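Asks: One structure follows; several queries about it will come next.
Residue numbers (my numbering): 354 to 830.
Structure representation (structure tokens):
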């Protein structure tokens with residue numbers, strides 16, 4: 354990357370709302386991502402890059418590619434550029450295995466950093482993002498020098514709060530409580546959730562964990578007081594090397610994580626194609642083939658795939674088109690878990706599919722991500738060239754009872770250019786003998802009229818089983 358000696362005008366940049374307490378601030382400039390380092394921290398950051406730590410983290414795909422530029426910004430001493438993660442994602446949008454792999458990645462980052470005399474000073478889950486199915490630590494400002502090779506990790510107790518306890522609760526099958534804690538950002542395991550309906554679940558799942566951890570904290574504090582006293586008086590650190598690992602070592606924490614079992618989930622497959630083990634087993638269908646042809650015709654590079662058929666259809670898209678990135682959104686966290694597990698070990702797939710657990714039609718946010726620019730359908734999050742919704746709108750309209758205008762309004766927000774939305778006939782949507790208030794108006798004409806308010810219809814093609822795919826170009830509203 355060639356350096357550019359240029360002064361950046363403060364009026365031309367946009368600082369990230371998530372970057373406020375740090376050695377510098379993250380900002381966007383000409384659709385690229387930078388970090389402005391304060392003058393007093395510039396020398397230490399240069400040392401961080403020159404020691405080899407950043408290079409090793411990048412080579413292990415644990416940190417985004419980053420480099421020192423020659424840009425200048427008034428009030429700052431150094432400008433770092435980071436390679437962008439295309440779709441910003443947050444902890445409350447992850448499945449169990451994603452959350453667990455994020456925790457493992459954080460420990461692996463610290464294992465590498467410790468070789469160079471560094472550790473992370475904080476470890477909240479918002480410091481990790483998934484680039485596809487690859488968890489990456491993204492907070493350069495979190496790295497700090499350690500006092501000596503025997504320094505404990507200052508984030509040990511925070512790690513238990515932000516990751517370990519939540520995973521233990523989730524692993525026991527209580528995904529509702531685990532995700533509610535992450536969503537509310539109330540990760541202090543000693544403080545009950547403010548919601549009264551969660552309090553009973555909290556006491557049931559946490560009383561034993563709290564008792565055990567309080568005991569461990571007392572013992573570990575006594576241990577390190579004795580450890581530091583003897584070191585000062587000339588005793589060898591080797592005397593404590595074996596016992597120290599039981600409290601704070603990263604390998605010890607990794608073993609604790611590995612022992613947490615994944616929660617049992619029932620099959621969430623919607624058809625016989627759900628038990629995929631790799632690319633070689635993927636079989637397309639006539640309906641999928643027609644959609645693939647449309648994607649190729651429109652020269653699509655990025656896709657937001659919402660709803661069902663995530664696993665199969667997304668991988669067929671990667672095989673049969675020039676699509677580079679797919680964001681797969683599903684409200685069912687078990688479906689997201691399946692997609693992640695079936696994708697994360699496949700070279701060429703794990704880098705291009707980002708699984709997301711989210712109610713796309715009525716999305717939630719946390720106190721960290723409530724700003725308009727961090728909403729799921731904002732630029733840099735889950736907005737793509739085309740939004741695809743197969744076998745989705747019928748469920749939203751009939752079972753969830755959303756208004757058709759609201760459904761298309763929300764789907765259009767995830768699109769930069771086009772939409773591919775499937776109409777499913779009413780007869781396929783209900784079990785026999787179950788009437789619906791929509792039965793008289795649920796027609797393709799009704800669907801077409803609503804679609805046309807947000808997209809200019811390019812193509813309307815009939816698929817198998819009387820389904821219809823509507824292809825449209827986003828209207829400027």
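Glycine residues also receive a C-beta, built at the ideal position from the N, C-alpha and C atoms.
If you're wondering where the values come from, they're calculated on a predicted model, not measured in any experiment.
#1: To the nearest angstrom, how far is it from the Cα of residue 738 to the Cα of residue 388?
#2: Given a cut-off of 8 angstroms, decide if residue 820 and residue 776 are closer than it, judged by their beta-carbon atoms.
#3: Can you tell me the Cα-Cα spacing of residue 545 and residue 603, whole angstroms?
#4: Rounded to a whole number of angstroms, what is the C-alpha to C-alpha distance between residue 417 and residue 752?
#5: In angstroms, rounded to a whole number, what distance separates the CA positions of residue 509 and residue 607?
#6: Report the residue ranges of all beta strand (DSSP E) runs contained in full by the region 730-812; include only those spanning at least 3 residues, in chain order.
#7: With the cut-off set at 8 angstroms, would you say residue 711 and residue 684 are in Cβ contact?
#8: Output yes or no for whether 8 angstroms exceeds the beta carbon distance between residue 656 and residue 679.
#9: Could you spell out the range, first to last residue, of the alpha helix (DSSP H) harbouring residue 379?
#10: Taking all protein chains shown into account, do 16 or more other C-beta atoms lie within 10 angstroms of the C-beta of residue 392, making it buried, or fewer, making it exposed?
#11: Please report the straight-line C-alpha distance between residue 432 and residue 468, rounded to a whole angstrom.
#12: Please report the residue range of the beta strand (DSSP E) in which residue 361 lies.
#13: Does the Cβ-Cβ distance between residue 690 and residue 448 come in under 8 angstroms?
#14: Quick test of your reading: residue 772 and residue 808, contact by CB under 8 angstroms. State the CB separation rounded to the nearest angstrom.
#15: Out of 484, 441, 376, which has the shortest C-alpha to C-alpha gap to residue 399?
#16: Which of the three DSSP states is assigned to residue 424 in this structure?
#17: State the Cα-Cα distance for the pair residue 746 and residue 535, rounded to the nearest angstrom.
#18: Buried or exposed for residue 405, please, with buried defined as at least 16 other CB atoms from any protein chain shown within 10 angstroms of its CB.
#19: If I measure Cβ to Cβ from residue 462 and keep anything under 8 angstroms in the same chain, skipping five residues before and after, which residues do I get?
#20: In this structure, what does DSSP give as the bridge partners for residue 823?
#21: Leaving aside the five residues before and after residue 732 along the sequence, list all residues of the same chain whose C-beta is less than 6 angstroms from its C-beta, in chain order.
#22: DSSP on residue 524, reduced to helix/strand/coil?
#23: Let me confirm a value: residue 825 is counted as buried when at least 16 other C-beta atoms fall within 10 Å, else exposed. Which label applies?
#24: Just curious, the alpha helix (DSSP H) that residue 673 is in, first and last residue?
#25: Assuming residue 369 contacts residue 379 (C-beta within less than 8 angstroms), just tell me the rounded distance between them.
#26: Can you name the start and end residues of the alpha helix (DSSP H) that residue 403 belongs to?
#27: If you run the structure through DSSP and keep just helix, strand and coil, what is residue 453?
#28: Just the C-alpha distance for residue 786 and residue 522, rounded to the nearest angstrom, thanks.
#29: By the DSSP assignment, the beta strand (DSSP E) with residue 472 in it spans what residues?
#30: Which same chain residues, not among the five before or five after residue 641, have their C-beta less than 7 angstroms away from its C-beta?
#31: Specify, as a first and last residue, the run of the alpha helix (DSSP H) that residue 603 falls within.
#32: Near residue 815, what residues of its chain come up, given a Cβ to Cβ distance below 6 angstroms and the 5 sequence neighbours on each side ignored?
#33: Near residue 674, which residues of its chain fall below 8 angstroms by C-beta distance, leaving aside the five closest residues on each side in sequence?
#34: For the candidate residues 440, 386, 390, 381, whose alpha-carbon lies nearest to that of residue 736?
#35: Could you give the first and the last residue of the continuous alpha helix (DSSP H) run that contains residue 641?
#36: Can you tell me whether residue 492 is buried or exposed? The criterion is at least 16 other CB atoms within 10 Å of its CB, across all chains shown.
Replies: Inspection of the coordinates gives the following:
#1: Here residue 738 refers to the residue found at position 385 of the chain shown. Here residue 388 refers to the residue found at position 35 of the chain shown. Near 28 angstroms, if we compare the C-alpha coordinates of residue 388 and residue 738.
#2: Here the question's residue 776 lines up with position 423 in the chain shown. Here the question's residue 820 lines up with position 467 in the chain shown. In contact: residue 776 and residue 820 (Cβ atoms closer than 8 angstroms).
#3: Locating residue 545 in the chain shown gives position 192, where the first residue counts as 1. Locating residue 603 in the chain shown gives position 250, where the first residue counts as 1. At residue 545 the pLDDT is 49, less than 50, meaning the model places this residue with poor confidence; the figure from the coordinates comes in the next sentence. As the crow flies, the alpha-carbon of residue 545 is around 28 angstroms from that of residue 603.
#4: Working through the chain shown from its first residue, we reach residue 417 at position 64. Working through the chain shown from its first residue, we reach residue 752 at position 399. Going from the Cα of residue 417 to the Cα of residue 752 covers about 42 angstroms.
#5: Locating residue 509 in the chain shown gives position 156, counting from the first residue. Locating residue 607 in the chain shown gives position 254, counting from the first residue. About 12 angstroms.
#6: Taken in chain order, the whole beta strand (DSSP E) runs of length 3 or more contained in the region 730-812 are 737-743, 768-776.
#7: Indexing the chain shown from 1 puts residue 711 at position 358. Indexing the chain shown from 1 puts residue 684 at position 331. Yes.
#8: Taking the chain shown and counting its residues from 1, the one referred to as residue 656 is at position 303. Taking the chain shown and counting its residues from 1, the one referred to as residue 679 is at position 326. The answer is yes: Cβ separation under 8 angstroms.
#9: Numbered from its first residue, the chain shown carries residue 379 at position 26. That residue, residue 379, is in no alpha helix (DSSP H); its beta strand (DSSP E) goes 377-382.
#10: Residue numbering aside, residue 392 sits at position 39 when the chain shown is read from its first letter. It counts as exposed.
#11: The residue you call residue 432 lines up with position 79 of the chain shown. The residue you call residue 468 lines up with position 115 of the chain shown. Each residue's alpha carbon lies about 25 angstroms from the other.
#12: Within the chain shown, numbered from 1, the residue matching residue 361 stands at position 8. Per DSSP, residue 361 belongs to the beta strand (DSSP E) from 359-361.
#13: Stepping through the chain shown from its first residue, residue 690 is reached at position 337. Stepping through the chain shown from its first residue, residue 448 is reached at position 95. The answer is yes: Cβ separation under 8 angstroms.
#14: Here the question's residue 772 lines up with position 419 in the chain shown. Here the question's residue 808 lines up with position 455 in the chain shown. Indeed they touch by this definition, with Cβ atoms about 5 angstroms apart.
#15: Position 46 of the chain shown, counting from 1, holds the residue named residue 399. Closest by alpha carbon: 376.
#16: By one-based count along the chain shown, residue 424 stands at place 71. Strand at residue 424.
#17: Within the chain shown, numbered from 1, the residue matching residue 746 stands at position 393. Within the chain shown, numbered from 1, the residue matching residue 535 stands at position 182. Distance between the alpha carbons of residue 746 and residue 535 is about 29 angstroms.
#18: The residue labelled residue 405 in the question sits at position 52 within the chain shown. Around the beta carbon of residue 405, fewer than 16 other beta carbons sit within 10 angstroms, so the residue counts as exposed.
#19: Counting from 1 along the chain shown, the entry for residue 462 is found at position 109. Take residue 462, set aside five residues on each side of it, and the residues of its chain with a beta-carbon closer than 8 angstroms to its own are 410, 415, 416, 473, 490, in chain order.
#20: Residue 823 sits at position 470 when you count from the first residue of the chain shown. 774, 813.
#21: Sequence index remark: in the chain shown, residue 732 carries index 379 (1-based). Correct list: empty, nothing qualifies.
#22: Along the chain shown, one-based indexing puts residue 524 at 171. Residue 524 falls in the helix class under three-state DSSP.
#23: Sequence index remark: in the chain shown, residue 825 carries index 472 (1-based). Buried is the label assigned to residue 825, since at least 16 other Cβ atoms lie within 10 Å of its Cβ.
#24: If you number the chain shown from 1, residue 673 lands on position 320. 663-673 is the extent of the alpha helix (DSSP H) around residue 673.
#25: Within the chain shown, residue 369 is the residue found at index 16, counting from 1. Within the chain shown, residue 379 is the residue found at index 26, counting from 1. With 8 angstroms as the limit, residue 369 and residue 379 qualify as a contact, their Cβ atoms being about 4 angstroms apart.
#26: As a position in the chain shown, residue 403 is number 50, starting the count at 1. Residue 403 -> alpha helix (DSSP H) spans 395-403.
#27: Indexing the chain shown from 1 puts residue 453 at position 100. Correct three-state label for residue 453: helix.
#28: Taking the first residue of the chain shown as position 1, residue 786 is located at position 433. Taking the first residue of the chain shown as position 1, residue 522 is located at position 169. With a pLDDT of only 46 at residue 786, under 50, the local geometry of the prediction cannot be trusted, and the value read off the model is given with reservation. CA-to-CA, the gap between residue 786 and residue 522 works out to about 40 angstroms.
#29: Residue mapping note: residue 472 aligns to position 119 of the chain shown, counting from 1. Residue 472 -> beta strand (DSSP E) spans 471-473.
#30: Here residue 641 corresponds to residue number 288 of the chain shown, with the count starting at 1. The beta carbon of residue 641 lies closer than 7 angstroms to those of 666, 669 in the same chain, with the five residues before and after it left out.
#31: Stepping through the chain shown from its first residue, residue 603 is reached at position 250. Unbroken alpha helix (DSSP H) run through residue 603: 603-611.
#32: Mapped onto the chain shown, residue 815 falls at position 462. Excluding sequence positions up to five before and after residue 815, its CB lies within less than 6 angstroms of the CB of 821, all in the same chain and listed in chain order.
#33: Mapped onto the chain shown, residue 674 falls at position 321. Closer than 8 angstroms at the Cβ level, and outside the excluded window around residue 674, lie 645, 648, 649, 653.
#34: Walking along the chain shown from the start, residue 736 turns up at place 383. Minimum Cα-Cα distance from residue 736 among the listed residues 440, 386, 390, 381 corresponds to 440.
#35: As a first step, residue 641 is located in the chain shown; it is residue number 288 there, counting from the start. Unbroken alpha helix (DSSP H) run through residue 641: 639-650.
#36: Position 139 of the chain shown, counting from 1, holds the residue named residue 492. With 16 or more Cβ atoms within 10 Å of its Cβ, residue 492 is classed as buried.
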